[in-house]
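Peer 1: Handing you a structure now.
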Amino acid sequence: MTATTTRTPLVRALPDALGDIPDGAVVGVGGTVTANHPMALLRELLRRRPKALTIVAPTAGLDVDLLVASGCVARLVTSYVGAEALAGVGPAVRSAAEAGTLHVWDADEAHCAMGLRAAAQGLPFLPWRGGVGTDLPTANPDLVPFADPIRGEPLLAIPALRLDVALIHAETADAFGNVQFVGPGHMDPLIAAAADRVVVQVDRLVPNAVIRQDPGATRFWRDTVVTRAPWGTHPYSSAGIEADAAHLAEYAAAVRAAGKGDPDALERHMQTYVYGPADHAGYLEAVGVRRLAELVQ
Amino acid sequence: MSAADVTALSTDELTALVLARDFRPDDRVIQIGANMAAARAGAILANLTRLPDARIFVGLAVENLAGGRPAPPVHPFLFDARGLQAGEAYLHQHSVFDDMARPDVFFVGGLQVDRRGNVNLLGIPDGEGGWKLRGPGPVALATMSTSCRGYYIVMGRHDPRTFVERVASITALGDRTRRAELGFPGGGPRLLCSPLGVFDFDESGDMRLVSVHPGVTVDDVVAATGFDLVLPADVPQTPAATEEELTVLRTQADPQGLLRGGVA
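Chain order of the listed sequences is E and U. Basically the working numbering = 1-based index in the first sequence + 1. Basically the working numbering = 1-based index in the second sequence + 1097.
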């Protein structure tokens, strides 16, 4: 006889996939600037009204700015938050940092990568040279200058950035947590490797046989669940859609108005796109088929 | 189009020209970050005229235009997935810092720059652990400026609040003396381009005026600078473009006219 076994599917509906994210949790967020953010997962998280989260997002877009605008972020680990020319600095991050209500753990992009890698490797820190001689260790005393014990040169110890959960977006996955990015995958593989558990939203679920057509493209992590979220990066780009610049401009203008004492537009935006829709399908309805179709390449 | 048209060049076009001419013959990787349209055009211009072996990193996409390959189209955002379909390779951001010998040239912008070439992109501290003005964040400035063979500082503004005696917070350490003391592998800042002219750093590491752009006087530059610049006896005008440079710049490197106020 031939022995056979049955693999356990890891696909969950979106709210279940997110799992329990307690107040104060350390959450890694994937994507880069205007690309590949796991927005369906983040909006579901926001609807739960979490508190005092630490967000780790190496090169963030207005996705993280939206989290800060909602008031759920106490601490932010990042090298950048913005949307290039559309918003050179995330407007909510700027006002919260200047008001002292948000603690930004300032780090170079490479520091974020080394901190995540240290966590993935189970190390307390990794050494790095970039940042020596700058004021980054003053802005962030967790970046500790030390003398290299081999050659004696000045280096920085970048502490491990261990994550409770990583939230990322990929184009495809199968039911068993075999994930394939179209394109570079940004910092997501490292964010996932640094996390106790990984939640992946995908544009499409595919059979394991499709994954096997390009096994070199597959990434996987020990504790992973997968959920389907078509157009799940909107208003940010993915392999399937371009970024929705008009939506982002409307958001940035609303946050800037709120900073000047007029919160109406921001409250409307949050109600329309975050708190109002019951689920991801409801969000897509709020955006509208016409707009989504315009963004498909 | 003739070289006399240089007076009609925008300051971003002048920056692109200055950069394209200054790259070293053996610069093999020119890495361009977000919001760096002039650097992008300068790298493409160099790749099409004098540096056929250079690879140009545009965001995460890796390009080489030798043989007159068309420049990749500019999208409104650098990390557009379409940008990755143009090149011969793309970078994986999670492993981009695994080969620090690779990037030769990088470009640095900032909220402030000082006499010693230090750049601040982080913000203005309030002196009590918070921020009077919060900037975009360091991105990868600290790392790239430490390691790459040489970098260019490209400032979008030139006024006494931007060009200061001492930046409020150092994100990229340009100071030649401090870099030598700390044993940095990289070569430090090569040139600085501002809307008013071109600058380098003298033997002691102080900022020096190299040339003024057309229509700008030395006095204009001095008045716009919040510290004492090193001023050579003769300061030339930024050299005019050759006919070839102008044609390649406008028809191949920047066909969308982004350096003349166009939009992607």
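For glycine and all other residues, C-beta sits at the position ideal for the given N, C-alpha and C.
What does the Cβ neighbour count give for I151 (chain E), buried or exposed, with the cut at 16 atoms within 10 Å?
Peer 2: exposed
Peer 1: Please state whether DSSP places Q214 (chain E) in a helix, a strand or coil.
Peer 2: coil
Peer 1: Give me the subset of the segment 129-145 of chain E whose CB atoms are less than 8 angstroms from a CB atom of chain U, sorted by chain position.
Peer 2: Hits within the stretch, in order: W129, R130, G131, G132, V133, G134, T135, D136, L137, T139 and A140.
Peer 1: Just to make sure I have the definition right: I need the residues of chain E whose C-beta is within less than 7 angstroms of the C-beta of F1041 (chain U). Which are they?
Peer 2: Nothing about residue 1041 (chain U) can be read from this structure; chain U reaches only from 1098 to 1361.
Peer 1: Is the segment 86-97 of chain E close to the segment 110-123 of chain E, with three or more CB pairs under 8 angstroms?
Peer 2: no
Peer 1: Tell me, please, which residues DSSP counts as bridged to P155 (chain E).
Peer 2: E:A148
Peer 1: Would you be able to state if there are at least three C-beta pairs under 8 angstroms between the segment 1208-1225 of chain U and the segment 1183-1198 of chain U?
Peer 2: no
Peer 1: What number of angstroms, rounded off, separates the C-alpha of W1228 (chain U) from the C-alpha of E99 (chain E)?
Peer 2: 5 angstroms
Peer 1: Below 8 angstroms on C-beta distance, what does G1280 (chain U) contact in chain E?
Peer 2: Those within 8 angstroms of G1280 (chain U) in chain E are E154 and P155.
Peer 1: Near V1103 (chain U), what residues of its chain come up, given a Cβ to Cβ distance below 7 angstroms and the 5 sequence neighbours on each side ignored?
Peer 2: Bear in mind that a pLDDT of 47 at V1103 (chain U), under 50, signals an unreliable position, so the number given afterwards is only what the model happens to contain. Contacts found: P1311, A1337 and A1338.
Peer 1: For the pair the segment 8-24 of chain E and the segment 47-54 of chain E, tell me if three or more CB-CB distances fall below 8 angstroms.
Peer 2: Segments in contact, yes.
Peer 1: Specify the secondary structure class of M1304 (chain U) as computed by DSSP and reduced to three states.
Peer 2: strand
Peer 1: To the nearest whole angstrom, what separates the beta carbons of R76 (chain E) and H38 (chain E), a pair I think is in contact under 8 angstroms?
Peer 2: Rounded, the Cβ-Cβ distance is 19 angstroms, inconsistent with contact.
Peer 1: Figure out for me which residue from U:E1262, U:P1333 and U:V1309 has the closest Cα to the Cα of T1112 (chain U).
Peer 2: U:V1309
Peer 1: Would you say the segment 1204-1212 of chain U touches the segment 203-219 of chain E, given that touching needs at least three Cβ pairs under 8 angstroms?
Peer 2: Too few Cβ pairs lie closer than 8 angstroms, so no.
Peer 1: Alpha helix (DSSP H) containing H248 (chain E): first to last residue?
Peer 2: A246 to G260
Peer 1: Between the Cα of L1270 (chain U) and those of U:G1285, U:A1131 and U:A1183, spot the shortest distance and give me the residue it belongs to.
Peer 2: U:G1285
Peer 1: Locate the alpha helix (DSSP H) running through R190 (chain E), then write down its first and last residues.
Peer 2: Strictly speaking, residue 190 (chain E) in this sequence is Pro, with Arg absent from that position. Residues D189 to A194.
Peer 1: Just the C-alpha distance for M115 (chain E) and D1123 (chain U), rounded to the nearest angstrom, thanks.
Peer 2: 30 angstroms
Peer 1: I want to see whether chain U comes within less than 7 angstroms of L191 (chain E), judged by CB atoms only; does it?
Peer 2: yes
Peer 1: Start and end of the alpha helix (DSSP H) containing D1317 (chain U)?
Peer 2: Per DSSP, D1317 (chain U) is one residue of the alpha helix (DSSP H) stretching across V1315 to A1320.
Peer 1: What span of residues does the beta strand (DSSP E) with T55 (chain E) cover, start to end?
Peer 2: L54 to V57
Peer 1: Taking the alpha-carbon positions, what's the P138 (chain E) to V211 (chain E) distance?
Peer 2: Answer to the nearest angstrom: the Cα atoms are 47 angstroms apart.
Peer 1: Give the residues of chain E in contact with R1275 (chain U), contact being defined as C-beta atoms less than 9 angstroms apart.
Peer 2: Chain E residues near R1275 (chain U): G134.
Peer 1: Any idea what DSSP makes of C113 (chain E), helix, strand or coil?
Peer 2: helix
Peer 1: Counting only runs that start and end within the segment 63-112 of chain E, where is the beta strand (DSSP E) found for 3 or more residues in a row?
Peer 2: Fully enclosed beta strand (DSSP E) runs of 3 or longer: 74-79 and 104-107.
Peer 1: Taking the continuous beta strand (DSSP E) assigned at V27 (chain E), which residues delimit it?
Peer 2: V27 to V30
Peer 1: Under 7 angstroms, do L168 (chain E) and V30 (chain E) count as touching if we go by C-beta distance?
Peer 2: yes
Peer 1: Nearest chain E C-beta to H1191 (chain U) closer than 7 angstroms, yes or no?
Peer 2: Yes, H1191 (chain U) counts as interfacial toward chain E.
Peer 1: For Y1249 (chain U), which residues does DSSP report across the bridge?
Peer 2: U:F1204 and U:L1288
Peer 1: Please identify the residue among U:L1328, U:Y1249 and U:E1262 whose C-alpha is closest to the C-alpha of L1116 (chain U).
Peer 2: U:Y1249
Peer 1: Exposed or buried, which one is V1236 (chain U) when buried takes at least 16 other CB atoms within 10 Å?
Peer 2: buried
Peer 1: Quick one: which chain U residues come within Cβ less than 8 angstroms of D107 (chain E)?
Peer 2: L1219, G1234 and P1235
Peer 1: Can you tell me whether DSSP reads G186 (chain E) as helix, strand or coil?
Peer 2: coil
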